[in-house]
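Chains L and Y, in that order, are what the protein sequence lines are.
If you count the first sequence from 1, position 122 lands on 921 in the working numbering, and the numbers rise without skipping.
If you count the second sequence from 1, position 246 lands on 1045 in the working numbering, and the numbers rise without skipping.
Each residue gets a CB set at the ideal place from its N, CA and C atoms; glycine is no exception.
If you're wondering where the values come from, they're calculated on a predicted model, not measured in any experiment.
Protein chains: 2
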Amino acid sequence: MKTLLEQTEPLNIKIKPNWLEDLVIKGGDYNKFNVRDIFNKIISGECLETMKKMPPEIADLVFIDPPYFLQLPPKKLLRWTGSQVNGVNETWDIFKDFADYDNFTLNYLKEAQRIMKPTATIWVIATYHSIHRIGKIMQDLGFWILNDVIWFKTNPMPNFLGVRFTNATETLIWAVKDKKVKGHTFNKDMAKKIANGKLGINVWQIPLCTGFERLKDEKGQKIHPTQKPEALMERIILSSSKEGDIIFDPMAGTGTSGFIAKKLKRNFVMIERDERYLKTIRKRFNYFKPHELNIRS
Amino acid sequence: MKTLLEQTEPLNIKIKPNWLEDLVIKGGDYNKFNVRDIFNKIISGECLETMKKMPPEIADLVFIDPPYFLQLPPKKLLRWTGSQVNGVNETWDIFKDFADYDNFTLNYLKEAQRIMKPTATIWVIATYHSIHRIGKIMQDLGFWILNDVIWFKTNPMPNFLGVRFTNATETLIWAVKDKKVKGHTFNKDMAKKIANGKLGINVWQIPLCTGFERLKDEKGQKIHPTQKPEALMERIILSSSKEGDIIFDPMAGTGTSGFIAKKLKRNFVMIERDERYLKTIRKRFNYFKPHELNIRS
DNA sequence: CAAAGTCCTGAATCATATG
DNA sequence: ACATATGATTCAGGACTTT
């Protein structure tokens, strides 16, 4: 598989194919969506209110990369070289307190549960800052956890202050919507290939998203502070979905889930609020031919 | 360091040194403990009620290996007492529901928080079945998580059914009792040695507790279903405690925490209810000389 | 052109001292 | 109890520069 954006123009070029405009639809224009409205589309709109407009039981796979609520201090951490650590200080990661965060979590999980097909599975990713809250809320909602999967970063940011272990992992929770679900998709052979060709183990060694794959603006600054690696998304999709499946991501960011879904012959529905990210997704999807996105060129 | 029990007699020999009797004290004999009562002792008694008798702020390090609430079907339930010693329903991993489990968790965590010295840290281990519940409850109680540490088993039980990933991990939560805590113990150099000599990473590759280290009865049956490897306990103690520290374990099982604590020149306080495990601990501690356990021989 | 060296940065729950 | 200012500290990997 080719590396991201190898075949796309630089981001500062303003001219784009017209058909890419059709990739994003305005959620505000709809009271309810039907599947045809949103098939292989990114819906522009706020996460929760847009999810509520979705029809029930349409997704084969749900992927959610929510805010982690890192609770970082507003001040930047300086390195001895003078450069600063760009912690996440986006407004979307700010919550009043745990109760506020929990409430948000509960709401999007409820909607995800409704949107999932009966045999669908869901992946949620976070760090220790919030994964436990998410996991407990999932269990309380009746989700049945199939696995924790550990994303073991080969090149984590070191903890140079030496007061705790270097945090080299993020945790993914993989679950079905109910304990009684039978027949969810799991591609066993693919899982073996993915996890070091061994037993199909729940630890995945994958580097951070850096280099050419990392989407950057005209100034060379990263567009999204937490862009997920394509390799991670590939493993998720290859191990737990089939060709033609609908993959739903209500917090798309730079759209890695839909991008990889499409590369792997799946379909997607994504939601994203931020205009800057939406613009980036359009650029990114220039990789595809119109017919691959069910758009008439 | 020598392997466990290399210098002890086989478990089927009934004659033990008398001084080992003093290793276990009866919790029921006390209304309140003072530190001298319980210094390098195993307290025989039920976990919660015994914890409540403990003085506040005495532990430098708390290690808790609680029931995981695996929710296995009844016939596969793990028996705390092995063969039915008494008719009482003393099964180890049975809880009515999540609320029941959460209530138990909340109670022992509250007590642990009280027993911890102001700069103490706490380790709790579990699998995905319950770690998220534990983690959220910890956060709600004000514990401040320092790290998730992943115990990555080199020889996990393979998953033959092919419906999910082979679960090769357990998760440890490492935390201080409050966000404001300053000056907890973290032996940085030791952490580097522990985690592949590199960054001091939060992923530890350790085999399951098997072979000679695994404690077995006269019939060769394992005594405890989830005995933790010594290597795991060594890493915990070496990375986050100092010589002479008091390490507290309210659910001792076969006493690995205290055993390794003592080997590494720390002190311990342990609580264990089950007479069979207490007997095993006595055997195990025959490894030491009386003066190492502050007992007059 | 290859090899070696420099610089930058990645979801980060920092530590200590002073007011 | 707060807030604010300043100090000490790290590795892998990619981009870029120099030899």
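On the DSSP letters alone, give me the boundaries of the beta strand (DSSP E) that isoleucine 1059 of chain Y sits inside. By 1-based counting over the second sequence, the position of residue 1059 of chain Y is 260. Not the beta strand (DSSP E): isoleucine 1059 of chain Y falls in the alpha helix (DSSP H), residues 1055 to 1062.
Coil, strand or helix - lysine 834 of chain Y by DSSP: Stepping through the second sequence from its first residue, residue 834 of chain Y is reached at position 35. A quick correction: the sequence has valine, not lysine, at residue 834 of chain Y. Valine 834 of chain Y falls in the helix class under three-state DSSP.
In chain order, what residues of the same chain have a beta carbon less than 6 Å from the beta carbon of glycine 999 of chain Y, not counting five sequence neighbours either side? One-based indexing of the second sequence puts residue 999 of chain Y at position 200. Hits under 6 Å: Ala990, Lys991.
Beta carbon proximity, asparagine 966 of chain L to chain Y, threshold 8 Å: Taking the first sequence and counting its residues from 1, one reaches residue 966 of chain L at position 167. So, interface residue.
Nearest-angstrom Cα distance between asparagine 817 of chain Y and alanine 994 of chain Y? Here residue 817 of chain Y refers to the residue found at position 18 of the second sequence. Here residue 994 of chain Y refers to the residue found at position 195 of the second sequence. Distance between the alpha carbons of asparagine 817 of chain Y and alanine 994 of chain Y is about 41 Å.
Nearest-angstrom beta carbon gap, valine 823 of chain Y and isoleucine 857 of chain Y [assumed within contact, 8 Å]: Position 58 of the second sequence, counting from 1, holds the residue named residue 857 of chain Y. Position 24 of the second sequence, counting from 1, holds the residue named residue 823 of chain Y. In fact, because the Cβ distance is near 19 Å, the residues do not count as touching under 8 Å.
By a C-beta neighbour count over all protein chains shown, 10 Å radius and 16 as the cutoff for buried, is arginine 878 of chain L buried or exposed? Numbered from its first residue, the first sequence carries residue 878 of chain L at position 79. With fewer than 16 other CB atoms across the displayed protein chains lying within 10 angstroms of its CB, arginine 878 of chain L is exposed.
What separation, rounded to the nearest whole angstrom, lies between the Cα atoms of proline 854 of chain L and leucine 908 of chain L? Walking along the first sequence from the start, residue 854 of chain L turns up at place 55. Walking along the first sequence from the start, residue 908 of chain L turns up at place 109. If you take the alpha carbons of proline 854 of chain L and leucine 908 of chain L, they lie about 15 Å apart.
Burial state of histidine 1090 of chain L (16 or more Cβ within 10 Å): For this step, residue 1090 of chain L is matched to residue 291 along the first sequence. Around the beta carbon of histidine 1090 of chain L, a 10 Å sphere encloses fewer than 16 other beta carbons of the protein chains shown; the residue is thus reported as exposed.
What residues of chain Y sit near leucine 971 of chain L, judged by a beta carbon separation below 9 Å? Taking the first residue of the first sequence as position 1, residue 971 of chain L is located at position 172. Neighbours of leucine 971 of chain L on chain Y: none; closest Cβ ~10 Å, over 9 Å.
Quick one: which unbroken alpha helix (DSSP H) runs of 4-plus residues sit fully inside the stretch 946 to 1003 of chain L? Chain order, please. Complete alpha helix (DSSP H) runs here, min 4: 987 to 993.
Note the first and the last residue of the continuous alpha helix (DSSP H) segment covering isoleucine 930 of chain L. Numbered from its first residue, the first sequence carries residue 930 of chain L at position 131. For isoleucine 930 of chain L, the uninterrupted alpha helix (DSSP H) run begins and ends at 930 to 939, by DSSP.
Inter-stretch contact at 8 Å, needing at least 3 Cβ pairs: the stretch 859 to 867 of chain L / the stretch 1049 to 1063 of chain L: Taking 8 Å as the limit for Cβ pairs, the verdict is that the stretch 1049 to 1063 of chain L does touch the stretch 859 to 867 of chain L.
In three-state DSSP terms, what is tryptophan 818 of chain L? Within the first sequence, the letter at position 19 stands for residue 818 of chain L. Tryptophan 818 of chain L: helix per DSSP, three-state reduction.
Okay, do the stretch 971 to 984 of chain L and the stretch 910 to 928 of chain L touch, 3+ Cβ pairs below 8 Å being the bar? These segments touch.
Who does asparagine 1066 of chain L pair with in a DSSP beta bridge? Taking the first sequence and counting its residues from 1, one reaches residue 1066 of chain L at position 267. Note: asparagine 1066 of chain L sits in a beta bridge opposite L:Ile1045.
At a Cβ threshold of 8 Å, is glycine 961 of chain L touching chain Y? For the purposes of this step, residue 961 of chain L is taken as the residue at position 162 of the first sequence. At a cut-off of 8 Å between C-beta atoms, glycine 961 of chain L counts as an interface residue with respect to chain Y.
So with Cβ pairs under 8 Å, would you call tyrosine 927 of chain L a contact of chain Y? Taking the first residue of the first sequence as position 1, residue 927 of chain L is located at position 128. Interface residue, yes.
As assigned by DSSP and simplified to three states, the class of arginine 1083 of chain L: If you number the first sequence from 1, residue 1083 of chain L lands on position 284. When secondary structure is reduced to three states using DSSP, arginine 1083 of chain L falls in the helix class.
Considering only C-alpha positions, which residue in the set L:Leu869, L:Gly934, L:Thr953 is nearest to isoleucine 944 of chain L? Looking up residue 944 of chain L in the first sequence gives position 145. Checking every option, the nearest Cα to that of isoleucine 944 of chain L belongs to L:Gly934.
With 16 other CB atoms within 10 Å as the buried threshold, where does isoleucine 849 of chain L fall? For the purposes of this step, residue 849 of chain L is taken as the residue at position 50 of the first sequence. At residue 849 of chain L the sequence reads threonine, which differs from the isoleucine that was named. Buried, since its Cβ has 16 or more Cβ neighbours within 10 Å.
I want to see whether chain L comes within less than 8 Å of proline 917 of chain Y, judged by CB atoms only; does it? Here the question's residue 917 of chain Y lines up with position 118 in the second sequence. Proline 917 of chain Y does not count as touching chain L.
Could you work out which residues of chain L lie near proline 855 of chain Y, taking near to mean beta carbons separated by less than 7 Å? Here residue 855 of chain Y corresponds to residue number 56 of the second sequence, with the count starting at 1. None at all; the shortest Cβ gap to chain L is about 25 Å.
Under 8 Å between the Cβ atoms of alanine 925 of chain Y and phenylalanine 951 of chain Y? Residue 925 of chain Y sits at position 126 when you count from the first residue of the second sequence. Residue 951 of chain Y sits at position 152 when you count from the first residue of the second sequence. Not in contact: alanine 925 of chain Y and phenylalanine 951 of chain Y (Cβ atoms no closer than 8 Å).
Please determine, among L:Phe903, L:Asn839, L:Lys852, the residue with the shortest C-alpha to C-alpha distance to phenylalanine 868 of chain L. In the first sequence, counting from the first residue as 1, residue 868 of chain L sits at position 69. Measuring from the Cα of phenylalanine 868 of chain L, the nearest candidate turns out to be L:Phe903.
In its own chain, which residues sit with a C-beta less than 6 Å from the C-beta of glutamate 808 of chain Y, not counting the 5 before and 5 after it? On the second sequence, position 9 is the one that residue 808 of chain Y refers to. For glutamate 808 of chain Y, the predicted structure reports a pLDDT of 44, less than 50, and the residue's modelled location is therefore unreliable. A value from the coordinates is still provided. The same chain holds no residue with a CB closer than 6 Å to that of glutamate 808 of chain Y once the five nearest residues on each side in sequence are set aside.
Could you name the residues that DSSP lists as bridge partners for isoleucine 1005 of chain Y? As a position in the second sequence, residue 1005 of chain Y is number 206, starting the count at 1. Paired residue(s): Y:Lys952.
Cβ of lysine 935 of chain Y within 8 Å of any chain L Cβ: For the purposes of this step, residue 935 of chain Y is taken as residue 136 along the second sequence, with counting starting at 1. Lysine 935 of chain Y has a beta carbon lying within less than 8 Å of a beta carbon in chain L.
Grab me the residues of lysine 1088 of chain Y's own chain with a C-beta within less than 6 Å of its C-beta, minus the 5 sequence neighbours each way, in chain order. Mapped onto the second sequence, residue 1088 of chain Y falls at position 289. The beta carbon of lysine 1088 of chain Y is closer than 6 Å to none in its chain, skipping five residues each way along the sequence.
Among L:Glu1042, L:Lys1062, L:Ile1022, L:His1023, which one has its Cα closest to the Cα of alanine 1030 of chain L? In the first sequence, residue 1030 of chain L corresponds to position 231, counting from 1. It is L:Lys1062 whose Cα lies nearest to the Cα of alanine 1030 of chain L.
Against chain Y, with Cβ distances strictly below 8 Å, would proline 1024 of chain L count as a contact? Taking the first residue of the first sequence as position 1, residue 1024 of chain L is located at position 225. Not one beta carbon of chain Y lies nearer than 8 Å to the beta carbon of proline 1024 of chain L.
From the beta carbon of phenylalanine 838 of chain Y, is the nearest beta carbon of chain L less than 8 Å away? In the second sequence, residue 838 of chain Y corresponds to position 39, counting from 1. Put simply, the CB of phenylalanine 838 of chain Y is far from chain L, with every gap to its CB atoms at 8 Å or more.
For aspartate 892 of chain L, the nearest candidate out of L:Lys1082, L:Gly961, L:Leu871 (CA to CA): Looking up residue 892 of chain L in the first sequence gives position 93. Of the candidates L:Lys1082, L:Gly961, L:Leu871, the one whose C-alpha sits nearest the C-alpha of aspartate 892 of chain L is L:Leu871.
Please state the DSSP three-state secondary structure of serine 1040 of chain L. Translated into the one-based positions of the first sequence, residue 1040 of chain L becomes position 241. In the structure shown, serine 1040 of chain L sits in coil (DSSP, three-state: anything other than H, G, I, E or B).
Listed from N- to C-terminal order along the chain, which residues in the stretch 1003 to 1032 of chain Y have their beta-carbon within a distance smaller than 7 Å of any beta-carbon of chain L? Of all residues in the stretch 1003 to 1032 of chain Y, none has a Cβ within less than 7 Å of some Cβ in chain L.
In its own chain, which residues sit with a C-beta less than 7 Å from the C-beta of lysine 1041 of chain Y, not counting the 5 before and 5 after it? Residue mapping note: residue 1041 of chain Y aligns to position 242 of the second sequence, counting from 1. Counting only Cβ-Cβ distances below 7 Å, and skipping sequence neighbours, we find Thr984.
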